[in-house]
Structures are given as C-alpha cells and as structure tokens.
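What follows is one structure encoded as structure tokens, with my remarks underneath.
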Amino acid sequence: MKVRACIRKVVSMRLTKYRIIVIFFIVLSQAVFGFIFVLRKMDFLEHKVKPTIPAPDRDINQVFCTFQSLSKEKSLEERLLLDSIAWPETPVLLDPLSLEQTSDPAHSKFIILPGRGGGRWHVGDQLEIMIKMYDFQGRPKKSGGDVVLTQLHNLKLGAGVAGQVVDHLNGSYSAVFSLLWEGSAQVEVTLVHPSEAVTVLRRLTSEQPDRVYFQSLFRSGSLSETTTCNVCLRPTQQPLCNYTDLRTGEPWFCYKPKNLNCDARISHSMGGFNQNLKAEEEKLFQSGVNMKVSIQASGPANVTVLPKKKGKPEVKSSSVKSGPSGYYYQGAWRALGGTMVNQFNTSSAINQCLKGKKVHLYGDSTIRQWFEHLNAALPDLKEFNLHSPKQVGPFMALDYANNILVTYRCHGPPLRFGNVPATELRYIANELDGLTGGSNTVVVIGIWSHFSTFPMELYIQRLQSIRRAVVRLLVRAPGTLVVIRTANLKALTLYETLTNSDWYSLQRDKVLRAVFKGLNVHLVDAWEMSLAHHLPHSLHPQPPIIKNMIDVLLSYICPQKGG
Ligand SMILES: *[C@@H]1O[C@H](CO)[C@@H](O)[C@H](O)[C@H]1NC(C)=O
Ligand SMILES: *[C@@H]1O[C@H](CO)[C@@H](O)[C@H](O)[C@H]1NC(C)=O
Ligand SMILES: *[C@@H]1O[C@H](CO)[C@@H](O)[C@H](O)[C@H]1NC(C)=O
Ligand SMILES: *[C@@H]1O[C@H](CO)[C@@H](O)[C@H](O)[C@H]1NC(C)=O
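By the count of the working numbering, the sequence shown reaches residue 563 at its end, each step adding exactly one.
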C-alpha cells in the first residue's frame with residue numbers, strides 16, 4: 001500500500017475554551033477511500049501514560065500523521081524519492097498465517113555463475129551469482145521482495161566487499177561483486193527478511209507510525225505531570241501542545257497537561273513501544289530461522305582470483321554502475337571513489353590533522369561513538385564536564401595546546417533517548433544556521449536510526465531542512481567541510497526489527513544518499529563498511545569499524561597531498 005498517495009488536510013478551529021481539531025484525510029491506495037476520523041475520548045492517567053490506541057482497521061490505511069504542507073518543489077522531490085525506493089510488491093498474508101509458503105533460507109540456494117572467463121576470474125573482473133529462493137516446503141518462490149544482503153570476503157587477508165543485489169521479481173536474485181584482491185574470495189548471502197515479513201513491516205508503519213512513543217515531564221512549582229508526545233498524536237478531546245519548530249517546520253506535539261501549560265515542559269524521553277503484532281506473525285521474525293540467516297551455495301561458495309590481466313583498466317566505482325564505494329584490505333578501508341584513505345594510527349597523526357580545527361558532530365548515538373572514539377584516541381583532548389546526561393550530551397572536548405575543539409550534539413525529536421532536557425531538543429538545521437563555518441570547521445552529520453518507525457515523509461522532510469542549512473553554510477563559508485555518515489546494519493531481535501529493522505534503514509539510507517547527491521559534502525559509507533566487514537552487524541559498530549570510519553573522516557579533513 002502506498003502511504004505516499006495520501007492527501008491530507010488539517011483544519012483546526014478554536015471553540016471558546018476547547019480546541020477541536022478535525023482531521024480529514026483521503027487515502028488513495030489500490031482503491032480510493034474517504035474517511036473521517038471521529039474524535040475519540042480517551043482516558044488519561046497522569047503517570048502511566050499509555051494511550052489506548054484504537055484497533056487498526058484491516059483494510060484502511062489510517063493516516064493521522066499530518067505534516068506541514070510542503071512546497072510544490074519539495075513535494076515533487078518527495079515523490080521522486082519515494083518512487084526511487086519503491087520496494088517490490090510483497091505477498092498478502094494468509095489468515096491463519098503459516099510459514100509453509102514463505103521464503104526459507106534453508107531451502108534457498110545460490111550458485112556462482114561461470115561468467116565470461118568461463119570460470120576463471122582476475123582482479124578487476126566481476127563475479128556474478130544467482131540466488132534462488134524457495135519456501136519451507138521446498139517449492140520455488142515466484143515473486144520478489146525478499147531482503148537479501150551479499151558480501152565477498154577473505155578472512156586471512158582481512159578483505160571484504162559488499163555485493164550489489166538485483167531482484168528479478170520472480171523468486172530469483174542476482175548479485176554482482178567487484179573482484180579487488182588476489183587469492184581466495186568467499187561469497188556470503190544473507191536473507192535479512194522474507195518478503196512476507198516486509199508486508200508486516202510496511203503495515204506497521206502505515207497503521208502504527210506512533211508505535212514508538214515519547215513522553216515529556218511538565219513541572220511548575222510543586223505540580224508535575226507527564227504526557228505522551230510524538231510527531232503526530234491520535235486525535236482525542238485532550239488539547240495539544242504544539243512544539244512544531246517555527247524555523248524548520250519540524251512537527252512535534254505533546255498532549256497538554258491538565259493543570260500546567262505548555263511552557264512548563266522540562267524534559268523528553270522515550271515512552272515505550274506498542275507491539276501490536278499478531279502472535280503468529282512473530283514466526284516471520286525468527287533469528288536462526290528466517291531473520292538474518294545465511295543462504296548456502298549449491299556448489300562452491302568461493303573462487304580463486306588471479307592477478308590482474310595486463311592492460312586492464314583499474315576498477316573505479318564510477319565506471320561500474322552502482323558498484324561498491326570501497327572495500328577492506330588487511331582490515332583497512334580503501335575507498336574507490338577517488339579519495340585516498342590514510343591510516344591515522346597514532347594520536348600524533350590525528351593531532352597533526354586536527355590541529356586548529358573545530359569538529360562539530362551532530363546526530364544519533366552512532367555519531368556519539370565518533371566523539372567517544374576521538375576522545376579515547378587523543379590523550380590531550382580533554383572532555384569538559386558540562387554535566388550533560390551520558391546518552392544525550394551535549395559534549396565538548398578541548399585540546400588547548402593544539403587548539404582542537406570537538407563537540408557532539410544529538411538531533412531533534414523523534415529521539416529515543418531518556419532524560420533529554422527540553423532545552424536541548426535542537427534541530428540540526430538550526431544548529432548549522434548558528435555556525436560561522438570556514439576552513440577550520442568540520443561538520444559531521446549522522447541521522448537515521450530514530451526515524452525507522454515513522455513514515456518516510458518525515459525523514460525526507462528532516463533531510464530537506466538539513467540540506468537547506470548545509471547549502472546556506474557552504475554559501476557563506478565555502479571552506480567548511482561537511483561529512484555525512486550513512487546508516488549501518490545492526491543485530492536483529494524481534495523488538496529491534498519492529499522498531500529498527502535493517503529494511504527500514506536500507507530505505508532511509510537510499511533516501512539520505514539521494515538528498516545529498518550533487519552537494520559538496522562527503523560520505524562515510526557506514527552501510528558498506530558494516531556490510532563488508534567480517535564483524536557481526538551491530539547498531540553501534542565495533543571499534544575496528546569505527547577506527548576505519550574515523551580514518552575516512554580524517555582523510556577528508558587532511559587529504560594526502562598529491563594523492
Ligand atoms: C527470473 O528472471 C531472471 C531475469 O530475467 C531470469 O534470468 C531467470 O531465469 C528467471 N527465473 C525464473 C525461475 O523464471
Ligand atoms: C502547529 O504549529 C504550526 C506552526 O505554528 C502550525 O503551522 C500548525 O498548523 C500547528 N498544528 C496544529 C495541529 O495545531
Ligand atoms: C574454497 O575453500 C575451500 C575450503 O576453505 C578450499 O579447500 C578450496 O581450495 C577453495 N576453493 C577455491 C576455488 O578457492
Ligand atoms: C596502521 O596500523 C595498521 C595495523 O597495525 C598497519 O597495518 C598500518 O601499516 C599502519 N599504518 C600506518 C600509516 O602507520
């Protein structure tokens with residue numbers, strides 16, 4: 001179902017004391033439904049805040065999430081972005097659900113295709129595999145939409161590269177790998193989710209975009225109340241506090257406390273998660289069965305790559321259509337886009353690079369990791385105690401002798417942290433507008449994982465507002481270096497999947513790259529760096545991966561002369 005095809009209108013009226021919000025929305029999916037959400041009265045507990053959410057109607061996309069009216073230009077871009085990430089149709093689930101006809105990694109298999117060289121490969125060639133999906137009864141799947149990842153690696157050489165997967169929409173998939181090192185190369189294929197699980201993940205977002213909810217504490221004198229907050233709140237008779245940001249237009253609402261006014265908001269935290277999944281649907285998300293499980297080869301899973309043939313041009317990312325952005329060799333990331341990645345192994349090498357620089361890190365906990373890494377790697381960089389909450393920041397570290405400043409600040413809501421002072425809820429775009437910039441300034445942005453459960457439109461809008469601020473920054477201070485960290489893969493449990501599946505991240509990652517394409521910004525490809533590495537996927541990648549990311553960052557800041 002296409003959430004994007006919805007037309008939304010908000011009409012709000014004030015009636016003497018009570019404010020009544022009527023939300024009209026028209027849902028266009030396969031058919032066209034018109035539907036008016038009738039105001040519902042809800043009981044509200046002051047402390048245990050858990051809104052009673054109406055049972056979703058099975059056939060109707062309930063869109064109560066309304067965003068600011070977009071400009072024509074921005075909504076055109078939104079359409080194009082949504083089209084560019086359109087996922088194939090996935091099967092309608094039978095009731096009762098049985099796994100029998102769903103994709104089964106144990107029955108599925110892949111083969112290495114002999115290619116033009118008739119089974120001989122050289123560095124610079126491509127290796128192609130064909131993946132065939134089967135269900136639990138061993139019958140071939142006839143449709144696409146499974147979430148498949150591939151990589152090629154050689155543990156001994158510390159080498160790895162991500163494969164590019166093509167869905168043929170008929171139950172088979174191919175993947176292409178660039179062959180970048182000599183010696184053995186082992187293919188690994190992973191089914192992240194069967195297509196049937198994607199059906200569920202999609203439905204959750206269209207029906208329950210508020211399944212992750214938040215709360216704010218309001219306090220004045222001895223009175224305090226806690227209410228539920230979100231990007232969009234289901235209409236009730238309870239009035240709202242509208243914290244929509246006037247500069248960026250980013251929406252944010254809390255139910256108004258009964259006895260306090262909206263200015264009394266003290267703090268923000270994640271409230272919880274409503275898991276409205278049918279028990280039988282959980283079968284689609286089983287670790288070791290059908291979630292992040294390897295698919296085996298029906299023949300050999302590895303090849304021996306021979307030295308490069310004489311006179312063959314270098315593999316460049318730009319010359320291979322949607323080729324990899326880099327690969328690991330001897331544990332070190334090598335970029336293919338033209339940037340030479342240097343290794344900054346010692347604190348003096350990093351100090352030399354960062355001398356005189358201000359490095360501002362904005363984003364989620366995956367960017368906070370970079371702050372922590374730099375802090376640990378540089379003994380002379382001292383964290384200044386701002387008495388900030390550990391998870392949230394803001395953080396600041398200084399090296400007086402080398403005149404280095406490193407700061408971290410989290411992005412604005414939705415933010416699943418606990419105990420964020422309301423005063424620290426700041427949008428990256430507004431922070432960027434407060435920077436003078438210049439050749440001593442490095443800005444790093446990483447924002448993705450807290451957006452997984454919300455409609456894509458929210459993320460697109462957020463990125464558009466950040467991009468506008470980046471453009472303004474680069475116009476007033478062209479010497480500023482702006483670096484974007486992309487999303488990465490993570491370990492999946494049922495809970496992690498429903499709130500932050502790699503499938504959600506994959507879609508957001510594509511949008512992120514598209515929004516910043518063509519701008520003078522640099523990417524750290526966390527997606528491929530987590531996929532190509534032999535270490536297990538983790539929301540917070542392990543130190544060797546972070547070290548490589550920081551090497552890429554420092555290589556952008558301090559490119560090798562003549563390189
Ligand atoms: C699926 O489509 C691909 C690409 O068109 C084709 O090579 C393959 O043979 C097809 N597989 C089946 C089972 O039809
Ligand atoms: C919230 O405030 C914004 C900005 O003032 C406004 O555009 C929007 O219509 C308001 N939304 C609601 C539901 O009151
Ligand atoms: C593939 O791996 C196996 C086991 O590690 C090894 O014995 C074999 O020689 C390898 N084959 C090729 C073609 O590299
Ligand atoms: C950095 O350390 C790695 C691993 O120990 C080593 O292979 C590499 O040569 C070092 N690079 C530099 C520039 O010191």
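Just so you know, even glycine gets a beta-carbon here, dropped at the ideal spot from N, CA and C.
- request: Excluding the 5 residues preceding and the 5 following residue 547 in the sequence, name in chain order all residues of the same chain whose CB lies nearer than 6 Å to its CB.
  value: Contacts found: none.
query: Looking only at its own chain, which residues have a Cβ that is under 6 Å from the Cβ of residue 145, when we skip the five neighbours before and after it?
result: Sequence-distant partners of residue 145 (beyond 5 residues in either direction) whose C-beta falls short of 6 Å from its own C-beta, in its chain, are 88, 90, 195, 198.
query: Can you list every residue whose CB sits closer than 5 Å to some heavy atom of ligand 4, going in chain order?
result: Taking every residue with its beta carbon within less than 5 Å of a heavy atom belonging to ligand 4 gives, in chain order, 343, 345.
- request: Please state whether DSSP places residue 421 in a helix, a strand or coil.
  value: It is a strand residue.
message: Could you tell me the alpha carbon to alpha carbon distance between residue 43 and residue 236, rounded to whole angstroms?
response: Confidence is the limiting factor: at residue 43 the pLDDT is only 25, short of 50, which leaves the residue's position unreliable, though a coordinate-based value still follows. When only Cα atoms are considered, residue 43 and residue 236 end up about 10 Å apart.
message: According to DSSP, simplified to helix, strand and coil, what is residue 373?
response: Three-state DSSP puts residue 373 in a helix.
Contact under 8 Å by Cβ, residue 149 with residue 290: In this structure, residue 149 lies away from residue 290, with their beta-carbon atoms at least 8 Å apart.
Whether residue 400 touches residue 180 by CB criterion (8 Å): Contact: no.
- request: Kindly confirm or deny that the stretch 499 to 510 and the stretch 540 to 556 touch, where touching means at least three C-beta pairs closer than 8 Å.
  value: No, the stretch 499 to 510 is not in contact with the stretch 540 to 556.
Bridge partner(s) assigned by DSSP for residue 445: In the DSSP output, where bridge partners are listed per residue, residue 445 has 362, 484.
- prompt: How long is the line joining the alpha carbons of residue 505 and residue 397, rounded to whole angstroms?
  reply: Linking residue 505 to residue 397 through their CA atoms gives a straight-line distance of about 30 Å.
query: Which one of 153, 176, 101 has the shortest CA to CA distance from residue 140?
result: Taking only the C-alpha atoms, the option nearest residue 140 is 101.
query: Does DSSP put residue 121 in a helix, in a strand, or in coil?
result: Residue 121: strand per DSSP, three-state reduction.
field: Entirely enclosed alpha helix (DSSP H) segments - the stretch 269 to 319, minimum 4 residues
entry: Residue ranges of uninterrupted alpha helix (DSSP H) with 4 or more members are absent from the stretch 269 to 319; none lies entirely inside it.
query: Shortest alpha-carbon distance to residue 299 belongs to which of 233, 324, 111?
result: Of all alpha-carbon atoms in 233, 324, 111, the one lying nearest the alpha-carbon of residue 299 is that of 111.
message: Restricting to Cα atoms, I'd like to know which of 352, 554, 161, 259 is closest to residue 222.
response: Comparing alpha carbon positions, the residue from 352, 554, 161, 259 closest to residue 222 is 259.
field: Pair within 8 Å by beta-carbon distance, residue 218 and residue 265
entry: Yes, they are a contact pair.
message: For the structure I just gave you, are there three or more beta carbon pairs, one from the stretch 478 to 497 and one from the stretch 524 to 535, closer than 8 Å?
response: Remark: three or more beta-carbon pairs, one from each stretch, lie closer than 8 Å, so the stretch 478 to 497 and the stretch 524 to 535 are flagged as touching.
query: Tell me which same chain residues have a C-beta within less than 7 Å of the C-beta of residue 545, skipping the five on either side of it?
result: Closer than 7 Å at the Cβ level, and outside the excluded window around residue 545, lie 529, 530, 533, 535.
Best match in 280, 514, 447 for proximity to residue 83 [C-alpha to C-alpha]: Closest in alpha carbon position to residue 83, among 280, 514, 447, is 514.
- request: Measure how close the beta-carbons of residue 240 and residue 256 come, nearest whole angstrom, since I'm counting them as under 8 Å.
  value: Beta-carbon to beta-carbon, residue 240 and residue 256 are separated by about 6 Å, close enough to satisfy the 8 Å threshold.
task: State yes or no: is the C-beta of residue 458 nearer than 7 Å to some heavy atom of ligand 2?
output: Result no, Cβ not under 7 Å from ligand 2.
- prompt: Looking at the unbroken alpha helix (DSSP H) that takes in residue 261, where does it start and where does it end?
  reply: Residue 261 -> no alpha helix (DSSP H), and no H or E assigned at all.
- prompt: Alpha carbon to alpha carbon, what distance is there between residue 363 and residue 494?
  reply: Whole-angstrom Cα-Cα distance: 25 Å.
- prompt: So residue 337 packs on residue 322, CB below 8 Å; how close in whole Å?
  reply: With a Cβ gap of about 13 Å, residue 337 and residue 322 do not count as contacting.
- request: Look up residue 521 in the DSSP assignment and say whether it is helix, strand or coil.
  value: Note: residue 521 maps to coil in three-state DSSP.
message: Between residue 422 and residue 268, how many whole angstroms is the CB-CB distance? I'm expecting something under 8 Å.
response: Yes, residue 422 and residue 268 are in contact; Cβ-Cβ is about 6 Å, under 8 Å.
field: Cβ pair residue 350, residue 97 closer than 8 Å
entry: For residue 350 and residue 97, no; Cβs fall outside 8 Å.
task: Excluding the 5 residues preceding and the 5 following residue 558 in the sequence, name in chain order all residues of the same chain whose CB lies nearer than 6 Å to its CB.
output: Correct list, in chain order: 353.
- request: Kindly give me the distance between the Cβ atoms of residue 509 and residue 448, rounded to whole angstroms, as I take these residues to be in contact under 8 Å.
  value: That pair is a contact at about 7 Å.
- prompt: In the structure shown, what three-state DSSP assignment does residue 133 receive?
  reply: Residue 133 falls in the coil class under three-state DSSP.
message: Tell me whether residue 351, by its Cβ, gets closer than 7 Å to a heavy atom of ligand 3.
response: Outside the cutoff, so no.
message: Can you look up residue 391 in the DSSP assignment and give me helix, strand or coil?
response: DSSP places residue 391 in coil when its eight states are reduced to three.
message: So, under 8 Å CB-CB, residue 184 and residue 304 are touching, yes? Tell me the CB distance rounded to an integer number of Å.
response: Contact holds; Cβ gap of about 6 Å.
field: Helix, strand or coil at residue 349 according to DSSP, with G and I counted as helix
entry: Reduced to three states, the DSSP call for residue 349 is helix.
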